[in-house]
Every structure is written in C-alpha cells, then in structure tokens.
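Undergrad: Residues 1 to 319 in UniProt numbering are what the sequence shown spells out, letter by letter. Just so you know, even glycine gets a beta-carbon here, dropped at the ideal spot from N, CA and C.
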Amino acid sequence: MTVSIFDALALGVDSLKEAAGLTVAELRDRGLTLADATFIHPLAAVYWRTKPKGIAEARKAARAAGHSLRVLARIEVLAARCDDPNAARITLCGTAETKLDEVGASLAKPKTRVESARHTYGKDGWHRLVINTQDPWLMDMLSALPGDDLLDGFKQFVADGEQIQAPARAAHVVIRLDEHEEYLAEGKLIRATDGTVRPARLLVQEKLAEVGYVTLVTDWGEPVDCFKSTPIFNEKQTLMAFALHPQCIHPGCVTPALLCERDHFIPRNKGGDTNVANLVPLCRFHNGRKADGDSYTHDAEGNYWYVTPYGKRYLCTVD
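1) For residue 370, which of Q237, L282 and P267 has the nearest alpha-carbon?
2) Check each candidate in L27, N86 and A80 and name the one with the smallest Cα separation from A56.
3) Closest to F6 by CA distance: which of S295, A73, A257 and S68 is it?
4) Give me the Cβ distance between A65 and A96, rounded to the nearest whole Å; I'm assuming they're in contact under 8 Å.
5) By how many angstroms is the C-alpha of D140 removed from the C-alpha of Q134?
6) List the endpoints of the continuous beta strand (DSSP E) containing S295.
7) Over the uninterrupted beta strand (DSSP E) stretch that includes T38, give me the two end residues.
8) Can you tell me which of the three DSSP states W305 falls into?
9) Around the C-beta of T112, are 16 or more other C-beta atoms found within 10 angstroms, so that it is buried, or is it exposed?
10) Return the chain-ordered list of same chain residues with a C-beta closer than 8 Å to the C-beta of R49, the five sequence neighbours on each side being excluded.
11) Which partner residues does Q247 have in the DSSP bridge list?
12) Report the residue ranges of all alpha helix (DSSP H) runs contained in full by the segment 77-148; include only those spanning at least 4 residues, in chain order.
13) Roughly how many angstroms lie between the CA atoms of L150 and G288, to the nearest whole one?
14) Leaving aside the five residues before and after D299 along the sequence, list all residues of the same chain whose C-beta is less than 8 Å from its C-beta, in chain order.
15) Residues in the same chain with beta-carbon distance under 8 Å from residue 320, minus the five sequence neighbours each way, listed in chain order, please.
16) Let's see if you can read the secondary structure: which residues bound the beta strand (DSSP E) around E261?
17) Let me know if L138 comes out buried or exposed under the rule of 16 or more other beta-carbons within 10 Å of its beta-carbon.
18) To the nearest angstrom, how far is the alpha carbon of L315 from that of G302?
19) Anyone know if the C-beta pair for Q237 and V280 falls short of 9 Å?
20) Counting only the same chain and skipping the five closest in sequence on each side, list residues whose C-beta sits under 6 Å from that of P146.
21) Expressed to the nearest angstrom, what Euclidean distance is found between the alpha-carbon atoms of R284 and E26?
22) Taking the straight line between their C-alpha atoms, what separation do you get for residue 320 and T297?
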C-alpha cells in the first residue's frame, strides 16, 4: 500500500502513540531511517510516554490546530526556552503555525547576556574568536584598525605592532531653528529673533559650545548646515544625514550609521540628487538587498517606509 506524501507529512500527534516507549534502535528495526527515528523518538516520549503536566490538554490543542509532526518539533524547541515548558507547550499547541515564533518569543524567558570571549582551535588549523560585550572598547579598537577590511586590519595591526588609539567621541546635537529665525541662503546666514543677522556658525557657538557635531535644521526638519566643535574630520553631508539617521534606516536594523554605506535614497539613475535630503545610511546587507529589489519610500510628513516585494509597509524608526 502506497501512502501519499501529502498524507505522510500531515500526520499529527496521534501518529506518535505507536512509537511511544520504543528506543531509536527499535524504531529502526521497524523500518525507519536513523534520521526519522531520532526525530520521532523524543516527540513520542513527550506526547505519549513521559506524560508531563498538561500533556493531554496539549494533545487536544494540537489536534484542533492540525499541527503536523514537524510543527510539534518546532513547538518543543520554543517551549524549551520558557521557564515553564509544560505551560508553554499547551499555549503553543493551540497557536496557529504562522504565529508560533511570535508567541514563543513572548513566552520565552529573557536572555541574560554576560561579557565573554572564546577562542577555539580546529585540527585543520582554523581559529575562531568570539567576543561578546557591550562596552565601547571593542568598537574603539575596530574603528581604529587600519583599512576598510576587518580581517586585513587585524593582520596589519598584529604584523606592525602599532598602538591603537581610541577615537575621540563627540556628541552630535541637532538644533531646530526657532520659527522666527529665518535661514538666508547667502553665506549661510541666520536672521535671529532679535532681528540681527549673523553667520550660522556664530549662532551655533552662542547656543552650544564644545559639544561635538552640531546640525542646524529648519522648523520643518530640513538640514541647513553642519559644524564641528572638535577637530574630528568627516564629510559635511554625511554628518548632517547621520545626525538625523543615527543607524541603518531598515526597520529593526541597529547597525550604527558610521558602519553603514551612504546610500542615495532615490537612485541617481532615477534622478536622485547627491545632497543631504537624499542621503540615508544603509548597512551593507540591506543596501545589497535594496539593489536586489527591496524598496523604500517616504511620505509627505518625512517618514521613511520600507515596502516589501508584496507591498506591505513598515515604518523606519530609530530603536
């Protein structure tokens, strides 16, 4: 008798009952491959042999939801991340397959992250170094490495034995011009509230001093000019844009702007200008995805949106 592949893949929780209590070896004696036996064995044990608290309710929910064996395996992975896997299993078995990851994330216990460093060495001579930290020293070192390629920078640092100097940190402050302060294009002049006209740089010096980078923007959010009160050099357009977009604009991406690529929001081949209003930071991954068809747009209020190939819109926000 031939079983349809569709029927086989749709088998659910009740199909595990006859495998309960059998070892992997015994399952293989019944004709299962090693891969299938090791897949079925823990599921049968949980749902029919060991009978953890609430398992009858979980089975009932899984039947009602029509979960297949592969979905049950995913549920076990998600439940194991929770403080009470048995209670989580009941909830997840009653959850639609498309919502499992979302619900599982809400039930999972928060991860406690600690600083760590691990070096592994393989027999084939390959080394692996993993560092987990939120302190700024690692970013200081990476920023000070020579060149643009991280690996080449490490090699050059080790070979040359140079002392790495941590880059100076500077705040970047955005000053929104008062509605009575008029921006005059000629020579970047500002007409202040008291009626006087002065260079934009002087206005910055009066309002803020020694703070790092300062960007002037109009009341409707348009950047006017950018100044630096520290001797750190960078391109003015980049600084102005990164003041407004401190990280990759793709929703959920937290790559710092300084590690992103400078992207024309409207491509140059589609008439986009090379100016601050058309400059946004995109990390290398999302910039590459954009080139492959992903799209971004902005509305009349100046909000940026990511539009999926299926037309769903996500607001680009700073996390």
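TA: So, from the data block:
1) Because the chain here runs from 1 to 319, residue 370 falls outside it and cannot be looked at.
2) N86
3) S68
4) 7 Å
5) 12 Å
6) S295 to H298
7) Taken as a continuous stretch (DSSP letters only), T38 belongs to no beta strand (DSSP E), being part of the alpha helix (DSSP H) at L34 to A44.
8) strand
9) exposed
10) A20 and G21
11) P256
12) 85-93, 100-107 and 137-144
13) 19 Å
14) W305
15) Look at the range of the chain in this structure, 1 to 319, and you will see that residue 320 is not part of it.
16) E261 to H264
17) exposed
18) 11 Å
19) no
20) G153 and Q156
21) 51 Å
22) The requested residue 320 does not occur in the structure, where the chain is confined to residues 1 to 319.
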